[in-house]
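Numbering follows the UniProt record's numbering, in which position 85 of the sequence shown is assigned residue number 85; successive positions increment by one, without gaps. Ideal Cβ positions, reconstructed from N, Cα and C, are used throughout, including at glycine. Following: one structure in structure tokens, then a few remarks.
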Amino acid sequence: MNDTERLYNAAITELNLGNPKKALAIFNQILQVEPLHLDSLVRCGNIYGKFGRYHDAISSYDKVLEISPQNTLALINKGLALHYLARYDDAIVCYDKVLQERPSSTVTLYNKASSLVRAGKVQEGLKTLEKAISLDYSYKYKARADVDFEFVAKTNEFKRIVL
């Protein structure tokens, strides 16, 4: 096992122990030596996202996508970061790239539905949500409590989909 692998495993251990700041420091150590270490870049993006540092998260995911344009994790998580910045149309672009390769990705369909509804494309969003639920019934329950669907929650169409 080389130094990078040891550091990476140590960072994962810190994450699993609930120490994201320590893990981030270790991932950044790896990136100083190997700036294009994809797994570390994705993990840094995830940690930045958890800390609400969405611009930093997007920057990490963009580095991954420069090397691996179809990296599913980077695309989905970049979409989420963009969504949290209210850049819904940009988030949808990320989700569409994933869905081109994996049209049955339920998490991607659900996230796209959230962004569509937030972007004011309610009918398309609800149709996408319905597709996600048809593939994974648990999204029916998730959507009921999701703040992204709050302003459509009282509509008959939303109720038909989730009740």
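Coarse secondary structure for residue i, derived from DSSP in three states
i	result
Phe158	helix
Arg87	coil
Asn77	helix
Glu14	helix
His37	coil
Arg43	helix
Asn2	coil
Ser68	coil
Gly49	helix
Ala153	coil
Gly120	coil
Leu129	helix
Tyr137	coil
Asp62	helix
Residue i vs residue j beta-carbon contact at 8 Å
i	j	result
Ala113	Leu129	yes
Val162	Lys140	yes
Tyr48	Asp56	yes
Thr106	Leu99	no
Glu14	Ile26	yes
Tyr54	Ala81	yes
Pairwise C-alpha distance: residue j and residue i
i	j	result
Val42	Ala119	26 Å
Asp90	Pro35	26 Å
Ala74	Lys50	15 Å
Met1	His37	16 Å
Glu101	Ile12	28 Å
Lys154	Val117	14 Å
Gly52	Asn28	18 Å
**Request:** Check whether the region 126-139 touches the region 57-72, counting contact only when three or more Cβ pairs, one atom from each stretch, lie closer than 8 Å.
**Result:** Flag = no, the region 126-139 and the region 57-72 do not touch.
**Item:** Complete alpha helix (DSSP H) runs within the region 89-116 (minimum length 4 residues, chain order)
**Value:** Segments of the alpha helix (DSSP H) lying fully in the region 89-116: there are none.
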